[in-house]
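Just so you know, the sequence shown maps onto residues 1325 to 1657 in this note's numbering.
No residue lacks a Cβ here, since even glycine has one placed at the ideal position from N, Cα and C.
Keep in mind it's a predicted model, so treat the numbers as computed, not measured.
Here the structure is laid out as C-alpha cells; the discussion comes afterwards.
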Amino acid sequence: MNDFAPLLTQTPDEHPFAQFVRILGKGKRGARGLTQAEAREAMGMLLDGKVEDTQLGAFLMLLRHKEESPEELAGFTQALRERLDVPAIRLDLDWPTYAGKKRHLPWYLLAAKCLAQNGVRILLHGAGAHTAGRLYTEQLLEPLGIPLCRDWQAVATALDQGNLAFIPLVDWAPQLQRMIDLRNVLGLRSPIHSLARQLNPLGARCGLQSIFHPGYQAVHREAASLLGDNVIVIKGDGGEIEINPDAISHLYGTRDGIAWDEEWPALSAQRHVKPASLEPEHLKALWRGEVEDSYPQLALLATMALALRGLGTPREQAFELAQQYWDARDRSI
C-alpha cells in the first residue's frame, strides 16, 4: 500500500473558458484582444457561473495589463444587458458612481438632487466602499435624502415620487459586484470598475461617465457608439461625474452614432485650496444656503450644466438653467 497519486493516462478535456484566457495571455506575439462577439461570450460565461475562480482572476488581470478595448467593453455590456430582467422605466440620466471622493466632497450629489427637483429623472448606482480613504455615495444617501432602492420596483417608485434613486450594483448584478470585490485579493482594480460605468441598465436617454485615466475616455465613447448609446465621458474629479472648476474639461460625446467633442474652460482664474478634511455636514450647509463656498458652487453648477448638455441643451443655456435651478431649489433637507 502506498500514497502515490494515480497516473494520468488520458488527456483531460480543456475547460471551455480556457480559450479566452489563452487569447489574452499567449505571449507578446500570440496574444490579442477579444472581438466584441468573443467578449460577449466570455462575459456571459462569467455571469452564468461557468468559470473557475483561477480563470476569473487570470482573465481580469490579463485584461487589466492589456487595457480593455472598445470592442471588449461593448461585448461585456451586451452580455450583462441580455441577462437583466428590468421593467420599462423612463429615465433621463444614467449616473454611475463607483470611484468615491478623497480630495473634495461629492458635490455631484447636490447637482443630481437639484436637477431632480427640476424634473430630470436620474438613476445613481454604485458598488460600495471598496477603497480605503474615500467617501462614497452610499455613505451619504440618508443624510442627503436620496432614496436607497433595493429592487427595480423601488427605483420606479422613487423616480415617480422624486426623480432620483440609487440602487446598489449587488442588487442587480451580483456577479459584477463579486468581481469588483476581488480588488483587495488581486491587489489591483479590474476592468469591471470601468465596465460598471458603461452598463446603463435602464437605457437612459444619456449615460454620464467619468473615466479618470487619460486615454480611456475615447475608448469608452467608442464602446458606447458600438452599443448605440448616447453618452458624455469626462475625466471627473476623483473619478466621479463632477466637473473640476479649476481645470479645463474635455467632453467626449456620442449621439446617434456620431462622435462630438467640446472643451470647457476652467471656471476659476486661480486654483482653490483643497480642504484639510472632508466634512459631510458641509454638503448640507451649502444646500441650505448657510455657507458660501466658491469651489463647490462652481463644481456643482458645472456638473448640472454637464448633465443638461447630455440631454441636448447647448453649453451656455445649460449653465444659465443650472444657475436658475440652484437659486430656486427647495433648501429643506
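In chain order, which continuous runs of the alpha helix (DSSP H) of length 4 or greater are located wholly inside the region 1473-1555?
-> DSSP runs (the alpha helix (DSSP H)) wholly in the region 1473-1555: 1476-1486, 1493-1496, 1498-1505, 1507-1510, 1516-1522, 1540-1551.
Proximity below 9 Å, CB of Ala1435 to CB of Thr1627 | Result yes, Cβ atoms of Ala1435 and Thr1627 sit closer than 9 Å.
For Leu1565, name the three-state secondary structure that DSSP assigns.
-> Just to set this straight, residue 1565 is Ile in the shown sequence, not Leu. Coil.
Okay, do the region 1422-1432 and the region 1585-1602 touch, 3+ Cβ pairs below 8 Å being the bar?
-> Yes: the two stretches touch, three or more of their Cβ pairs being nearer than 8 Å.
Going by the beta-carbon positions, is the gap between Trp1611 and Lys1350 smaller than 9 Å?
-> Result no, Cβ atoms of Trp1611 and Lys1350 do not sit closer than 9 Å.
Does Ala1600 come within less than 9 Å of chain C when only Cβ atoms are used?
-> Structure shown: chain C not included; a single protein chain is present.
Quick one: using the 10 Å Cβ neighbour count with 16 as the cut-off for buried, is Ala1497 buried or exposed?
-> Classification of Ala1497: buried, given that the 10 Å Cβ count is 16 or more.
Element boundaries [alpha helix (DSSP H), containing Pro1471] | According to the DSSP assignment, Pro1471 belongs to no alpha helix (DSSP H), since it is labelled neither H nor E.
Check whether the Cβ atoms of Met1367 and Phe1400 lie closer than 9 Å to each other.
-> Yes, Cβ-Cβ distance for Met1367 and Phe1400 is below 9 Å.
If you drop the 5 nearest sequence neighbours on each side, which residues of the same chain put their C-beta closer than 6 Å to that of Arg1521?
-> Excluding residues within five positions, the ones whose Cβ falls inside 6 Å are Pro1420, Gln1533.
Leaving aside the five residues before and after Arg1529 along the sequence, list all residues of the same chain whose C-beta is less than 6 Å from its C-beta, in chain order.
-> If we look at Arg1529 and ignore the five residues flanking it on each side, its Cβ neighbours are Asp1416.
Where does His1339 fall in DSSP's three states?
-> It is coil, neither helix nor strand.
Would you decide whether Pro1411 is buried or exposed? Buried here means 16 or more other CB atoms lie within 10 Å of its CB.
-> Exposed, since its Cβ has fewer than 16 Cβ neighbours within 10 Å.
DSSP on His1449, reduced to helix/strand/coil?
-> Look at His1449 here: in three-state DSSP terms it is strand.
Residue from Asp1372, Ile1413, Glu1392, Asp1418 whose Cα sits closest to the Cα of Ser1514 | In terms of CA proximity to Ser1514, Glu1392 leads the group Asp1372, Ile1413, Glu1392, Asp1418.
Starting from the C-beta of Ala1590, find all residues in its chain whose C-beta is less than 7 Å away, skip the five residues before and the five after it, and write them out in chain order.
-> Around Ala1590: Pro1569, Asp1570, Ala1571, Ile1572.
Within this structure, are the beta carbons of Leu1630 and Ile1535 separated by less than 9 Å?
-> Remark: C-beta atoms of Leu1630 and Ile1535 do not approach each other more closely than 9 Å.
Considering only C-alpha positions, which residue in the set Gln1379, Leu1523, Leu1632 is nearest to Arg1407?
-> Comparing Cα positions, the closest option is Leu1523.
Cβ neighbour criterion (16 or more within 10 Å) applied to Ala1646 | So Ala1646 counts as buried.
Measuring alpha carbon to alpha carbon, tell me which of Thr1335, Gly1357, Thr1359, Leu1380 ends up nearest Ala1342.
-> The candidate whose alpha carbon is nearest that of Ala1342 is Leu1380.
Where are the beta strand (DSSP E) runs, 3 residues long or more, that stay fully inside the region 1577-1612, in chain order?
-> When DSSP assignments are scanned along the region 1577-1612, the uninterrupted stretches of beta strand (DSSP E) that are 3 or more residues long and fall wholly within it turn out to be 1582-1588.
How is the beta strand (DSSP E) around Leu1417 delimited, first residue to last?
-> Start and end: 1417-1420.
Using 8 Å as the Cβ pair cut-off and three pairs as the minimum, do the region 1574-1583 and the region 1549-1558 touch?
-> Of all C-beta pairs linking the region 1574-1583 to the region 1549-1558, three or more are shorter than 8 Å, placing the two stretches in contact.
Taking only the alpha-carbon atoms, compute the straight-line gap between Glu1546 and Ile1582 and give it to the nearest angstrom.
-> Rounded to the nearest whole angstrom, the C-alpha separation of Glu1546 and Ile1582 is 10 Å.
Report all residues from its chain with a CB closer than 8 Å to the CB of Leu1459; omit the five preceding and five following residues, and keep chain order.
-> Within the same chain, Gly1424, Lys1425, Lys1426, Leu1429, Pro1430, Leu1602, Pro1604 come within 8 Å of Leu1459 by CB-CB distance, once the 5 residues on both sides are set aside.
Tell me, which residues are paired with Ile1558 by DSSP?
-> Answer is Ser1534, bridged to Ile1558.
Just list the alpha helix (DSSP H) runs in the region 1366-1404, keeping only unbroken ones of 4 residues or longer that don't cross its boundaries, in chain order.
-> Counting only runs of 4 or more, we get 1377-1390.
Could you check if Val1615 is buried or exposed, using at least 16 other CB atoms within 10 Å of its CB as the buried criterion?
-> It is exposed - the Cβ of Val1615 has fewer than 16 other Cβ atoms within 10 Å.
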